[in-house]
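Per numbering that gives the first Met the number 0, residue 0 is the first one in the sequence shown, and the count goes up by one each step. Virtual Cβ for every residue (Gly too), placed ideally from N, Cα, C. Note that the coordinates shown come from a computational prediction; the quantities given were computed from them, not determined experimentally.
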Amino acid sequence: MTVTSRFSRTGLAGAWRDLDRGERRSLVGMAVTVLALNIVGWGVLFAFVVPGHYTVHGSAFGVGLGVTAYTLGMRHAFDADHIAAIDNTTRKLVAENKKPMSVGFWFSLGHSTIVFVLVALLAFGVQELAASLSDDNSDLERWTGLFGTLVSGTFLLLIGLLNLMSLIAIHRVFREMRRGAYDEARLERELDNRGALNRVLKPVVAAVRAPWHMYPVGLLFGMGFDTVTEVGLLVIAGGAAATGLPWYSILVLPILFCAGMSLFDSIDGSFMNFAYGWALARPLRKIYYNLVVTGLSVVVAMLIGAQEIISILTVKFDITDGLLGWIGGLDLGAMGFIIVGLFVGTWLTAVLVWQYGGVQARWESGLAAAVPPERTAAVPPERTAAVSEKAASPE
Numbered sequence: 000m001t002v003t004s005r006f007s008r009t010g011l012a013g014a015w016r017d018l019d020r021g022e023r024r025s026l027v028g029m030a031v032t033v034l035a036l037n038i039v040g041w042g043v044l045f046a047f048v049v050p051g052h053y054t055v056h057g058s059a060f061g062v063g064l065g066v067t068a069y070t071l072g073m074r075h076a077f078d079a080d081h082i083a084a085i086d087n088t089t090r091k092l093v094a095e096n097k098k099p100m101s102v103g104f105w106f107s108l109g110h111s112t113i114v115f116v117l118v119a120l121l122a123f124g125v126q127e128l129a130a131s132l133s134d135d136n137s138d139l140e141r142w143t144g145l146f147g148t149l150v151s152g153t154f155l156l157l158i159g160l161l162n163l164m165s166l167i168a169i170h171r172v173f174r175e176m177r178r179g180a181y182d183e184a185r186l187e188r189e190l191d192n193r194g195a196l197n198r199v200l201k202p203v204v205a206a207v208r209a210p211w212h213m214y215p216v217g218l219l220f221g222m223g224f225d226t227v228t229e230v231g232l233l234v235i236a237g238g239a240a241a242t243g244l245p246w247y248s249i250l251v252l253p254i255l256f257c258a259g260m261s262l263f264d265s266i267d268g269s270f271m272n273f274a275y276g277w278a279l280a281r282p283l284r285k286i287y288y289n290l291v292v293t294g295l296s297v298v299v300a301m302l303i304g305a306q307e308i309i310s311i312l313t314v315k316f317d318i319t320d321g322l323l324g325w326i327g328g329l330d331l332g333a334m335g336f337i338i339v340g341l342f343v344g345t346w347l348t349a350v351l352v353w354q355y356g357g358v359q360a361r362w363e364s365g366l367a368a369a370v371p372p373e374r375t376a377a378v379p380p381e382r383t384a385a386v387s388e389k390a391a392s393p394e
């Protein structure tokens, strides 16, 4: 596996200059799409809906509902399942030397598609479906909710297991490095070795091999209809679909919802792409950073995936007491904000400690003293020169 070193040369300040054409096109495409959603959503709201002075049962149907829909989208981008799926998949693709700049963007588009489709059905008169989904006791709402939770929980557990195998391999290299039994080629081989479990999970995990593959994953996550109900209830509660409001006044709500969610999911995915890219730019960074962040990814994915599976069991078997009942009833909405803070804080701490703590100088000097001369002599001259150049680098 060959990893580019652009992050080691310039840092984040010069990252844009070092992006290749495809990555720049990806960033621009995401920005244009998110901007278009915002322009269409807010433009239709202020140009057509607000001037119409529409009311539903005596209440204004305008800016207030638009802001509410946008805010709900922003909040849902920080849901724990979104953060775990995007960040774990980004780590996986970066480790495979791919360019997952738009992982969060495609995931949010897939999730948003479900929101838009249902509210479109509302706008065009499929109100029986809306009533079923808004009724917590309906069979449709119950089974779609169980299906969506099962899909997202299983996906998170699988991606967590894959990252756990990577974590074990990295830790094995770390132990060998501390004993002096280390060279860069060995590290590369260990990081490429995914273990036996990967061969079992390969048919499932290999499905996400490019950022756009997260679109169907987002679709499946959205099948729970939890976000659809949030937006749909805005329309249903006001009776908008039943009182003859124009179709565009109803569809503006999911557009604004999608605009808010795609903005923050895209930011999350892009940020983690840069963070993981920085970590993989040098061999010692791979160990130093990935031991912490990969461990965090595994914990987050496994905990959230397990909680979602347990929540299905508690609903299916009507478990309300004890440890299972408590776990199944946890509200993971606020946890998403904590997870984002942990990822950002971990990365910033890693950069600061690396930059000002002299980590690379200490470790490489220790390795030079620990590795036997004959082992060092076996390293090709060009690799030795490359390592020496890295050791002399101020970063």
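Can you look up residue 313 in the DSSP assignment and give me helix, strand or coil? For the purposes of this step, residue 313 is taken as the residue at position 314 of the sequence shown. The answer is helix: DSSP assigns residue 313 an H, G or I state.
Which class does residue 345 belong to by DSSP, given the choice of helix, strand or coil? Residue mapping note: residue 345 aligns to position 346 of the sequence shown, counting from 1. Residue 345: helix per DSSP, three-state reduction.
Label residue 16 either buried or exposed according to how many other C-beta atoms from any shown protein chain fall within 10 Å of its C-beta, with 16 as the threshold for buried. For the purposes of this step, residue 16 is taken as the residue at position 17 of the sequence shown. Residue 16 counts as exposed, since fewer than 16 other C-beta atoms from the protein chains shown sit within 10 angstroms of its C-beta.
Could you please give me the residues that DSSP links to residue 54 through a beta bridge? If you number the sequence shown from 1, residue 54 lands on position 55. The partner list for residue 54 (beta bridge, DSSP) reads 59.
Over what stretch of residues does the alpha helix (DSSP H) that includes residue 219 continue unbroken? For the purposes of this step, residue 219 is identified with residue 220 of the sequence shown, where counting begins at 1. From DSSP, the alpha helix (DSSP H) with residue 219 extends over 213-221.
Burial state of residue 208 (16 or more Cβ within 10 Å): Position 209 of the sequence shown, counted from the start, is the residue given in the question as residue 208. Here residue 208 is exposed, its C-beta having fewer than 16 other C-beta atoms within 10 Å.
Residue range of the alpha helix (DSSP H) that residue 95 falls in? As a working mapping, residue 95 is identified with position 96 in the sequence shown. Run containing residue 95: none; DSSP gives neither H nor E here.
Within its chain, find whatever has a CB closer than 6 Å to the CB of residue 261; leave out the 5 residues flanking it on each side and keep chain order. Indexing the sequence shown from 1 puts residue 261 at position 262. The answer, listed in chain order, is 33, 107.
Should residue 155 and residue 300 be called a contact, given that it needs their Cβ atoms to be closer than 9 Å? Walking along the sequence shown from the start, residue 155 turns up at place 156. Walking along the sequence shown from the start, residue 300 turns up at place 301. Their beta carbons are under 9 Å apart, which means residue 155 touches residue 300 by this criterion.
Excluding five sequence neighbours on each side, which residues of the same chain lie with their C-beta closer than 7 Å to the C-beta of residue 257? The sequence position of residue 257 within the sequence shown is 258, counting from 1. Apart from sequence neighbours up to five positions away, the residues of its chain that approach residue 257 with a beta-carbon distance below 7 Å are 36, 72, 111, 114, 115, ordered along the chain.
Neighbourhood of residue 166 by C-beta, 8 Å cutoff - its chain only, sequence neighbours within 5 removed: Stepping through the sequence shown from its first residue, residue 166 is reached at position 167. Same-chain partners within the cutoff: 289, 290, 293, 294, 297.
Mind checking whether residue 93 and residue 210 have CB atoms under 9 Å apart? Position 94 of the sequence shown holds residue 93. Position 211 of the sequence shown holds residue 210. No, they are not a contact pair.
Rounded distance between the beta-carbons of residue 255 and residue 46, thought under 8 Å: Reading the sequence shown from its first residue, position 47 is the one you call residue 46. Reading the sequence shown from its first residue, position 256 is the one you call residue 255. Residue 255 and residue 46 do not touch by the CB rule: their CB atoms are close to 14 Å apart, not below 8 Å.
Hey, residue 303 and residue 152: beta-carbon distance below 9 Å or not? Numbered from its first residue, the sequence shown carries residue 303 at position 304. Numbered from its first residue, the sequence shown carries residue 152 at position 153. Yes. Within cutoff.
Contacts around residue 43, its chain only, beta-carbon distance under 7 Å, and the 5 residues preceding and following it disregarded: Numbered from its first residue, the sequence shown carries residue 43 at position 44. Here the set comprises 247, 251.
Report, in whole angstroms, the separation of the C-beta atoms of residue 105 and residue 28, which I expect to be a contact under 8 Å. Against the sequence shown, residue 105 aligns to sequence position 106. Against the sequence shown, residue 28 aligns to sequence position 29. Taking C-beta atoms under 8 Å as the contact rule, residue 105 and residue 28 fail to qualify, at a distance of about 11 Å.
Should residue 253 and residue 119 be called a contact, given that it needs their Cβ atoms to be closer than 9 Å? By one-based count along the sequence shown, residue 253 stands at place 254. By one-based count along the sequence shown, residue 119 stands at place 120. Result yes, Cβ atoms of residue 253 and residue 119 sit closer than 9 Å.
For residue 102, name the three-state secondary structure that DSSP assigns. As a position in the sequence shown, residue 102 is number 103, starting the count at 1. When DSSP states are grouped into helix, strand and coil, residue 102 belongs to the helix group.
Residue of 249, 270, 175 minimising C-alpha distance to residue 61: By 1-based counting over the sequence shown, the position of residue 61 is 62. Ranking the options by Cα distance to residue 61, first place goes to 249.
For the candidate residues 25, 74, 160, whose alpha-carbon lies nearest to that of residue 91? In the sequence shown, residue 91 corresponds to position 92, counting from 1. It is 160 whose Cα lies nearest to the Cα of residue 91.
Per-residue burial, residue 172 [other beta carbons within 10 Å of its own, 16 or more giving buried]: Translated into the one-based positions of the sequence shown, residue 172 becomes position 173. That one is buried.
Near residue 341, which residues of its chain fall below 7 Å by C-beta distance, leaving aside the five closest residues on each side in sequence? To locate residue 341, count along the sequence shown from 1; it is residue 342. In the same chain as residue 341, and ignoring 5 residues on each side of it, the C-beta atoms closer than 7 Å to its own belong to 295, in chain order.
Whose C-beta lies closer than 7 Å to the C-beta of residue 264 among residues of the same chain, with five residues either side of it excluded? As a first step, residue 264 must be located in the sequence shown, where it is residue number 265. The answer, listed in chain order, is 76, 81, 85, 103, 104, 106, 107.
Tell me whether residue 322 is buried or exposed, calling it buried when 16 or more other Cβ atoms sit within 10 Å of its Cβ. Looking up residue 322 in the sequence shown gives position 323. Exposed: under 16 other Cβ atoms inside 10 Å.
For residue 51, which residues of its own chain have a beta-carbon under 8 Å away from its beta-carbon, when the five flanking residues on both sides are left out? Locating residue 51 in the sequence shown gives position 52, counting from the first residue. For residue 51, where only same-chain residues beyond five positions count, the Cβ hits under 8 Å are 245, 248.
Whole-Å CB distance - residue 109 paired with residue 213, under 8 Å assumed: For the purposes of this step, residue 109 is identified with residue 110 of the sequence shown, where counting begins at 1. For the purposes of this step, residue 213 is identified with residue 214 of the sequence shown, where counting begins at 1. That belief holds up - the Cβ atoms of residue 109 and residue 213 are roughly 7 Å apart, short of 8 Å.
Reference residue 23; option with closest CA among 64, 309, 269: Indexing the sequence shown from 1 puts residue 23 at position 24. Per the Cα distances, 269.
Figure out for me which residue from 20, 40, 26 has the closest Cα to the Cα of residue 259. As a working note, residue 259 is residue 260 in the sequence shown. Closest by alpha carbon: 40.
Residue 95: which of 309, 344, 162 sits nearest, CA to CA? Reading the sequence shown from its first residue, position 96 is the one you call residue 95. Among 309, 344, 162, the Cα nearest to that of residue 95 is on 162.
Which two residues bound the contiguous alpha helix (DSSP H) that contains residue 35? Within the sequence shown, numbered from 1, the residue matching residue 35 stands at position 36. Note, residue 35: alpha helix (DSSP H), 20-43.
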